[in-house]
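Taking it in order: structure first as structure tokens, then the write-up.
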């Protein structure tokens, strides 16, 4: 979970579908932030997608399924790169949140793990 605002197209694409969808994401953010979810007073420590300065972070590897909230990951990786942090972003076609756990023998799941 990176951004509590759920403003991206991909965060609105999967309503009621999949292992982790918009409803799951909103519920999780509300459990963490309560009524502050989506508001202007949320710390980037709670919602890293809001951060503008990530210079102190170590190398980062981001894996996301193409059938997931991918734009949040793109935006986060972009801020990392802008801040000079080494980051790898892998987008897996056909993969969804936790697909490697829910369908561990699927070709894409095996590929994501590098088996």
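In full-length UniProt numbering, the protein residues as written are 1 to 115. For glycine and all other residues, C-beta sits at the position ideal for the given N, C-alpha and C.
For residue 17, three-class secondary structure by DSSP: coil
Roughly how many whole angstroms lie between the Cα atoms of residue 72 and residue 105? 27 Å
Beta-carbon within less than 6 Å of residue 88's beta-carbon, same chain only, minus the 5 sequence neighbours each way: which residues are those? 61
Taking all protein chains shown into account, decide if residue 66 is buried (16 or more other Cβ within 10 angstroms of its Cβ) or exposed. exposed
Is DSSP giving residue 40 helix, strand or coil here? coil
Under a three-way DSSP split, which group does residue 65 fall into? strand
Local Cβ density within 10 Å of residue 4, reported as buried at 16 or more and exposed below that: buried
Please state whether the Cβ-Cβ distance between residue 13 and residue 6 is less than 9 Å. no
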